[in-house]
Structure formats: structure tokens, C-alpha cells
Amino acid sequence: MIVLFLLISYYCIDKNVITQNFIYAVNIVIIILKEILIYQNHNSLNNSLKNVLDAIIIIGIIWLLSPVLISLTQTHSDNTVYLVSIMLLLIHLMFHKYGFIYEKNENIDIFDATSLSCVVIASVILGSRLASIEQLKNINYYNYVLFPFLFVILSLCIRSISITLFYVNLIGQFFLLFIVPAFFVKKHNLKTKLEGPWDICGVPSSKK
Numbered sequence: 775m776i777v778l779f780l781l782i783s784y785y786c787i788d789k790n791v792i793t794q795n796f797i798y799a800v801n802i803v804i805i806i807l808k809e810i811l812i813y814q815n816h817n818s819l820n821n822s823l824k825n826v827l828d829a830i831i832i833i834g835i836i837w838l839l840s841p842v843l844i845s846l847t848q849t850h851s852d853n854t855v856y857l858v859s860i861m862l863l864l865i866h867l868m869f870h871k872y873g874f875i876y877e878k879n880e881n882i883d884i885f886d887a888t889s890l891s892c893v894v895i896a897s898v899i900l901g902s903r904l905a906s907i908e909q910l911k912n913i914n915y916y917n918y919v920l921f922p923f924l925f926v927i928l929s930l931c932i933r934s935i936s937i938t939l940f941y942v943n944l945i946g947q948f949f950l951l952f953i954v955p956a957f958f959v960k961k962h963n964l965k966t967k968l969e970g971p972w973d974i975c976g977v978p979s980s981k982k
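Counting from 775, one number per residue, gives the positions in the sequence shown under the working numbering.
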């Protein structure tokens, strides 16, 4: 679900389906709701203030690094960027610690850290293909506030496992494994410029 939200948001920002002001408003609302949920779970003002400070620091880092991040993948083809991003998101899905809602272990889990790192890198790589710095800031802010917020909601919703959630997960996996690759294969035929090791080499025809 979270990966699907990420892909939909990237498409909307890249194609200008929604305005910049709307994205800013969504980011602000999600940040506020996230802090409210965290405060209700921990009942600690210190925890809430720490999370607010962390959010300000992350937003500042994204704002400072956006001019560099937008030129990160200029020398790579779109196919390379999308393939790497999808692989990183799949690694995130495989290694994420889904049992965190039942455990109270405070130790750092290497697989959970790998999962988080993969989704952050995928967000940065996808953002670097956008047309403007403002769009890059928006997608990175959106990803930063979206993932923690949805994880908190997910932890509150799946405490009791049901057959309905099983089918929802099954449909989501089917979409990621079959529908999305089929979409990219279909769009591949519309390319006007071939780049990447998977493209078919051809000798350019010369017209006399």
C-alpha cells in the first residue's frame, strides 16, 4: 500500500496532475496528524518535541540538497532509474520488519535498517528525474511524511489479522509483480530514444 502511494504521488507530481500548493498542504496536514498519533501512542511531550525537531532537520537537509539531488541521475537512462527504484522498493517490501507492532525490542535490526535505507534511496533517485527543484522538494517531503504516517496507521489497523487483509495484500502483490512491469513493457514501444543494456541495438538507416 505504501509503495503504491509513493508511485501514485510521483506520477501526479511528475505529470502536474496536482498543484504545488496542494502538495504543500498535504505535507503539512500529514506532519500534523503524524505528530498527533505519535503523542497519543507515547503520551509524552518530550517525544513529540523530539519528532518535531527531527522533522525540521530533515526538511532543512532536503531543502539544502535539492539542487544537487536533481542532477544526480542526469547521465543515466530512464529505464535504468526506474528499474533500480523498483528493485529498491521490492527490497524494502521483503526486508521490512512487519512484526514491529507486536514487539518491544529497542535494538537496531540490520534488516529493518536496510529496508528504510532502500526506500530513502529509491525516493531520492525517483525525485532526481523530476523537471524542477520544487517538484523534487515536494516528492521528498511527501515521502518523508508519508511513510511514517502510514506505518503508524498500519500498526493500528492490522493488530487483528483477517482474511480480508490477506486478499488485499495478495492483490497488491499481484499489481506490483505483474501489472506494473506490463505497463513499462507497453510504454517501452513508445520510446523515441533507445538507451540502456536492455534496448535492442540497430544500425541507423541513412536516407539518400
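The beta carbon of each residue, even a glycine, is placed where N, CA and C say it ideally should be.
Is it true that the CB of I899 sits closer than 8 Å to the CB of V858? yes
Using the C-alpha atoms, what's the distance from L862 back to Y856? 10 Å
Checking 8 Å against the spacing of the C-beta atoms, do S902 and H866 come in under that value? no
For A896, collect the residues of the same chain with a Cβ closer than 6 Å to its Cβ; drop the 5 residues on either side in sequence, then sort them by chain order. S859, L862 and L863
Helix or strand or just coil, what does DSSP make of K789? coil
In angstroms, rounded to a whole number, what distance separates the CA positions of A799 and C786? 15 Å
Can you say whether L823 is buried or exposed, counting buried as having 16 or more other CB atoms within 10 angstroms of its CB? exposed
What's the C-alpha gap between K789 and L819? 40 Å
Need the endpoints of the alpha helix (DSSP H) that S859 sits in, please. D852 to F869
Close-in-space but distant-in-sequence residues of the same chain around C892 (CB under 8 Å, 5 per side omitted): L862, L863, I865, H866 and F869
Measuring only the C-alpha atoms, how far is A956 from I945? 15 Å
Pick out whichever of D852, V826 and F952 has its Cα sitting closest to the Cα of L807. V826
Nearest-angstrom Cα distance between F949 and I831? 35 Å
Whole angstroms is fine: what's the gap from F796's alpha carbon to G834's? 20 Å
For L904, name the three-state secondary structure that DSSP assigns. coil
Report the rounded CA-to-CA distance for K960 versus V894, giving the unit in angstroms. 28 Å
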